[in-house]
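One structure is given here, and the rest of the page talks about it.
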Amino acid sequence: FEEVVSLEEAPAEALVPETGSADERDYGLIAELYQQLKKNFDAIYERRYGVADPTSSIEFIDWRAVGIGCLPGLTFKKQQASKGKDPSNAFKGRRSAYFIEEKGAFIETPVYDGNKLACGMEIKGPAIVEDTLTTTLVIPDYRLKINEFHSYVMEPTA
Numbered sequence: 119f120e121e122v123v124s125l126e127e128a129p130a131e132a133l134v135p136e137t138g139s140a141d142e143r144d145y146g147l148i149a150e151l152y153q154q155l156k157k158n159f160d161a162i163y164e165r166r167y168g169v170a171d172p173t174s175s176i177e178f179i180d181w182r183a184v185g186i187g188c189l190p191g192l193t194f195k196k197q198q199a200s201k202g203k204d205p206s207n208a209f210k211g212r213r214s215a216y217f218i219e220e221k222g223a224f225i226e227t228p229v230y231d232g233n234k235l236a237c238g239m240e241i242k243g244p245a246i247v248e249d250t251l252t253t254t255l256v257i258p259d260y261r262l263k264i265n266e267f268h269s270y271v272m273e274p275t276a
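Our numbering puts the sequence shown at residues 119 to 276.
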């Protein structure tokens, strides 16, 4: 999204104070306690395990910092509706796929390129939609609609 900016680019008034935390454990032990970085590690350890050794060293396992920024608003661009519901321009081929809904059988299933689908198009299941980062399975008796934000909306056909 163009609306996502790095912390360096964000205006100062949009930033929320950062928080810090650490995963800690008694030196050499396996169990980790997650808590905000405080001096009361031994009290938390004693509450959890029933004993504590205030003289023992603490081993810090993981460190993390979280920063949250607030932007004035986020807008998504709406797509223009396609000329119809027909997704044939996105058709890639067929593949054998197993559907328990089809009495546990393998059936030849249409495969579509999700990057070529447009707003308003519909795909009736069973079908497979392949995108760059994910694959969506449309089961029998369902249909997949592409909305104006190019999100997939799946609903039963009945």
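Ideal Cβ placement from N, Cα and C applies to all residues, glycine included.
*From which residue to which residue does the alpha helix (DSSP H) around E226 run?*
Within the sequence shown, the letter at position 108 stands for residue 226. No alpha helix (DSSP H) contains E226, which is instead part of the beta strand (DSSP E) from A223 to D231.
*DSSP beta-bridge partners of L262*: Looking up residue 262 in the sequence shown gives position 144. In the DSSP output, where bridge partners are listed per residue, L262 has I241 and M272.
*Please work out which residues of its chain come closer than 7 Å, Cβ to Cβ, to V274, disregarding the five sequence neighbours upstream and downstream, and give them in chain order.*
Within the sequence shown, numbered from 1, the residue matching residue 274 stands at position 156. The displayed chain sequence assigns Pro, not Val, to residue 274. Hits under 7 Å: D259 and Y260.
_Which listed residue (M272, P244, I246 and F267) has its alpha carbon closest to that of C237_ = Taking the first residue of the sequence shown as 1, we reach residue 237 at position 119. Among M272, P244, I246 and F267, the Cα nearest to that of C237 is on F267.
_In this structure, how does DSSP classify S214 when only helix, strand and coil are distinguished?_
Position 96 of the sequence shown, counted from the first residue, corresponds to residue 214. Strand at S214.
*With 16 as the cutoff for other CB atoms within 10 Å, does L262 come out buried or exposed?*
Stepping through the sequence shown from its first residue, residue 262 is reached at position 144. Label assigned to L262: buried.
*For T253, which residues from the same chain have a beta carbon less than 6 Å from its beta carbon, with the 5 sequence-adjacent residues on both sides left out?*
Along the sequence shown, one-based indexing puts residue 253 at 135. Excluding five sequence positions before and after T253, none of the CB atoms of its chain fall closer than 6 Å to its own CB.
*If you draw a straight line from the alpha carbon of I218 to that of T227, how long is it in whole angstroms?*
On the sequence shown, position 100 is the one that residue 218 refers to. On the sequence shown, position 109 is the one that residue 227 refers to. Taking C-alpha positions only, I218 is separated from T227 by approximately 14 Å.
*Using three-state DSSP, classify D171 as helix, strand or coil.*
In the sequence shown, the residue the question calls residue 171 occupies position 53. DSSP places D171 in coil when its eight states are reduced to three.
*asked:* For the ligand ADP, I want to know if Y163 counts as a neighbour, meaning its beta carbon is within less than 7 Å of at least one of the ligand's heavy atoms.
replied: This structure does not include the ligand ADP; it has no bound ligands of any sort.
_Helix, strand or coil at D180 [DSSP, three-state]_ = The residue labelled residue 180 in the question sits at position 62 within the sequence shown. Reduced to three states, the DSSP call for D180 is strand.
*What is the rounded straight-line gap between the Cα of E164 and the Cα of P172?*
Walking along the sequence shown from the start, residue 164 turns up at place 46. Walking along the sequence shown from the start, residue 172 turns up at place 54. When rounded, the distance between both Cα atoms is 10 Å.
*Reduced DSSP category for I162 - H, G, I as helix; E, B as strand; rest coil*: In the sequence shown, residue 162 corresponds to position 44, counting from 1. It is helical.
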